[in-house]
Each structure stands twice: as C-alpha cells, then as structure tokens.
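Remarks on the structure that follows.
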Amino acid sequence: MNPPALPVRRWLGQSCSAVLDLLMPPRCVGCSLEMPEVHDGVMLCPDCRAELALIEWPVCRRCAAPVPATDGVELACNHCREDKLRFTRTVALGSYEGRLRHLIMRMKIDRNELIARTLAELAWRKAGAELAALNVDVVTAVPMHALRRWKRGTNPPRAIAERLAEKLGVPAAAGMLRLNRNVGVQVGLSRSARFRNVAGEMSVGKTYHLESARVLLVDDILTTGATCSEASRVLRRAGAVDVAVFVLARTPAGD
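At position 31 of the sequence shown the residue is numbered 32 (the numbering used here), and the sequence of numbers has no breaks.
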C-alpha cells in the first residue's frame, strides 16, 4: 500500500526545511544572532525576547494605556473618557520602547516582512486567547495610501491582519478600508490635530457588507487612537456592531 500523500508531503517539507537550516541557519530578526533552531515561529533569540517591553496589566481595556492598580475593577483612562474613542477594546503586544520599538522601526524602514510575521506570531502566543475571546467575524487593517504603500514597498499592518485572521479562523479583509486622500504621517502633531487630520478621510469599500459584524482592526502603533477611532467610526457606520483593535505597540504615556 502506498503511504498517504499528506504525510509524505509533510515529511518532504520538513526535510527541505532542515536542509535549508543547515545551509542558511535562521537568525534572530532583532540582533542577527544565529539560532540553532526555531520551534514556535518566533525568530527572536532569548536575549531579544527578554528585552521586549510586553504589556502587563493593569491597562485600560479601551486603549491599553497603563492605569493605576485597582481591586478587580477595570477602569478607563482619562484620555478615553475625554476623546470618546469609537472602538471598544485594544489588545497590544507591548510598549513602544526599547527592543520592540527598534523592531517596528526596522520593519518599516527595511521593508522586512519577516519581522512582521515574527511579531504577529509572538502576539498570538501572548494574546491569542484574549483575541479569540473577542469572537470577531472579520479582521482588517488600518488603510495605507497607495502612494505611501508604493514608497514603502510593504504594508506591515496588512500582513499582520492576514496572519491573525488565519489564526482566528475568520476572513481577512485587509483592503476593506480606504483612505480618501494621503493624510500623511501623524508624528509631530498635537493630540487634537491628529483627530482633525484623519476626520472624514476614510471609507469602507462598497463590496463589503458589515451588518452586525464584529471587526478586529489591526495597526502597528497606537498613540492617541485617532486613526483607529476614525476607522472604527466608518466601520460602525457601515454596519459593524463592534470594533476592537490590535496593535503591536502602545506608546508610553506622554509620547
């Protein structure tokens, strides 16, 4: 009897991977240290993993900003109460500082999607249960203007959204949201200016139907929440009943 095709293909894939590892050993995406083996898909050496400022409770459930410890009571932070953010929850991998900040900057500047995939895998291992508990119907990404995407040559939020959708077993609709104009970067703008800069500048593609859908919105960094809030507003206007946010990093208070 011939062996089943699937185990044979799996064996061939594992064998090819082993040969490639011998010829080109995997390296840490953080420091380029040669790694003997990678078991969990996270291409980070132990030292780089230890240097990541991962999010720890207590944090604001809506925007993931640190909040004072309470006796089992989950509080919203002052910014959420003032800004009336349109999303209901934020899950963040870590704080935008140190090694994680370095990786995100390299991911953007070097057009390195391996870093995006590594951080998405790490995020799933850290917060997969939290993301699964959201019971979302679809995953999408904060839009990037076509000109900016062409200049960068990559779209990390989209790559991360697709990976998380695969993990969650739901559709990825990374192109659901569109920018009506190139709003430029938000860096350097005041809090209020960030909200004004993106107001009315996003739309949902006409082919997408979101009636009663629960959406997970993906971005790389959350600072004021202005971009994610505007995206959430148009998603809700298109019929979404709830929008939660996932980001790789939350900027520290005051940034």
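Yeah, the Cβ is synthetic: ideal placement off N, Cα and C, and Gly gets one too. Bear in mind the structure is a predicted one, so any value in this text is a computation, not a measurement.
Coarse secondary structure for residue i, derived from DSSP in three states
i      : result
Ile222 : strand
Ser96  : strand
Met203 : strand
Arg251 : strand
Ala239 : coil
Glu212 : coil
Glu119 : For the sequence presented, residue 119 should be read as Thr rather than Glu. In this structure, Thr119 counts as helix in the three-state DSSP scheme.
Arg179 : strand
Thr141 : strand
Ala232 : helix
His40  : coil
Lys85  : coil
Ala166 : helix
Backbone CA spacing between residue i and residue j [nearest angstrom]
i      : j      : result
Thr119 : Ser213 : 32 Å
Ala128 : Arg197 : 32 Å
Arg234 : Ala121 : 25 Å
Arg87  : Ala175 : 19 Å
Gly240 : Glu114 : 32 Å
Arg205 : Trp125 : A small correction: the amino acid at residue 205 is Val; Arg does not occupy that position in the sequence shown. Rounded to the nearest angstrom, the two C-alpha atoms are 27 Å apart.
Ala130 : Leu101 : 21 Å
Arg164 : His80  : 30 Å
Arg195 : Arg182 : 15 Å
Thr155 : Val137 : 26 Å
Leu55  : Leu178 : 28 Å
Pro37  : Thr141 : 35 Å
Glu231 : Met203 : 7 Å
Thr89  : Glu167 : 23 Å
Ser96  : Ala200 : 26 Å
Ala245 : Arg251 : 15 Å
Pro253 : Val171 : 31 Å
Glu98  : Arg28  : 22 Å
Buried or exposed by the 16-neighbour rule on C-beta atoms within 10 Å, applied to residue i
i      : result
Gly226 : buried
Arg238 : exposed
Arg82  : exposed
Cys229 : buried
Pro158 : buried
Gly31  : buried
Ser33  : exposed
Met106 : exposed
Val242 : exposed
Asp41  : exposed
Asp48  : exposed
Whole-angstrom C-beta distance between residue j and residue i, which should lie under 8 Å
i      : j      : result
Thr91  : Leu223 : 6 Å
Val216 : Val139 : 6 Å
Pro67  : Val60  : 6 Å
Val143 : Leu218 : 7 Å
Residue(s) in a DSSP beta bridge with residue i
i      : result
Pro67  : Val60
Ala245 : Arg90 and Leu217
Glu35  : Arg28
Leu55  : Gly95
Ala173 : Val140
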